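**Q** Each residue of the sequence shown is one higher than the one before, starting from 0 at the first, in numbering that gives the first Met the number 0.
Got a structure for you, written out below as structure tokens; questions coming shortly.
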Amino acid sequence: MLNLTKTYQVTSMGNDTTTFHLNDQTIHAFHVAPAHTDGDTVIHFLDADVIHTGDIYFNGIYPFIDRSSGGSIVGMIRATEEILALAGENTKIIPGHGALSNRAELEAYRQMLVDVRVQTEGEIAKGLTLDEFLASDPTANYDAVWGQGFLSPEQFQTIVYQSLVDK
Numbered sequence: 000m001l002n003l004t005k006t007y008q009v010t011s012m013g014n015d016t017t018t019f020h021l022n023d024q025t026i027h028a029f030h031v032a033p034a035h036t037d038g039d040t041v042i043h044f045l046d047a048d049v050i051h052t053g054d055i056y057f058n059g060i061y062p063f064i065d066r067s068s069g070g071s072i073v074g075m076i077r078a079t080e081e082i083l084a085l086a087g088e089n090t091k092i093i094p095g096h097g098a099l100s101n102r103a104e105l106e107a108y109r110q111m112l113v114d115v116r117v118q119t120e121g122e123i124a125k126g127l128t129l130d131e132f133l134a135s136d137p138t139a140n141y142d143a144v145w146g147q148g149f150l151s152p153e154q155f156q157t158i159v160y161q162s163l164v165d166k
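Shown next as structure tokens:
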């Protein structure tokens, strides 16, 4: 439990990053380029070796990427890579959705995002319309693991397709 009677200090590092010192803990908060939205922030509890990803990471389910607020599949991958750069083998990772996680699960999430992006870019390059793309069932290899959330595979596929067509 935190003892809030001790010192609290904020060290501003710029417009997109801030470091807090609460008791004996250092907490680093930083904004990432648009990923889930254009307002994503990651919170890194350095001394505790814990990272809160916000809605950049949906553990075990397809993520919602809010294109209307600046989100994109490319941004989700980039932000996930930034988080992985901070995470060690024992880091606890708190996703925006899903159970407490770790580096290995976050790496699997990143790989799924990359694979879906590459698959989708290939189908777009072939000239497939959205309906043709959806009919090809492009996430079939991932649906059993990732397709059990609040987004159906088809909804996720549509978001990714539109995210890449609009870029």
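Backbone N, C-alpha and C fix where the C-beta goes; we use that ideal spot for every residue, glycine too.
None of the values given here were measured: they were computed from a predicted structure.
Given G87, which residues of its chain have a CB within under 8 Å of its CB, disregarding the five upstream and five downstream residues?
**A** The residues are D48 and R102.
**Q** What do you reckon, are the CB atoms on L153 and L133 nearer than 7 Å?
**A** Correcting the residue identity first, residue 153 is Glu in this sequence and not Leu. Yes, these two residues count as a Cβ contact at 7 Å.
**Q** Rounded to whole angstroms, how far is the Cβ of E81 from the Cβ of V31, which I believe are closer than 8 Å?
**A** Right, the Cβ-Cβ distance comes to about 6 Å (below 8 Å), so this counts as a contact.
**Q** Given this structure, state the Cα-to-Cα distance separating S71 from D165, to the nearest angstrom.
**A** Cα-Cα distance, rounded: 9 Å.
**Q** Would you kindly work out how many angstroms separate the C-alpha atoms of L163 and T90, rounded to a whole number?
**A** The alpha-carbon atoms of L163 and T90 are separated by roughly 32 Å.
**Q** According to DSSP, simplified to helix, strand and coil, what is V115?
**A** Reduced to three states, the DSSP call for V115 is helix.
**Q** So what does DSSP say about S68, is it helix, strand or coil?
**A** Here S68 sits in helix by DSSP.
**Q** For my contact list, G97 and I60 are in at a C-beta cut-off of 8 Å; report their separation, rounded to the angstrom.
**A** Going by Cβ atoms, the distance from G97 to I60 rounds to 6 Å, so yes, they are a contact pair.
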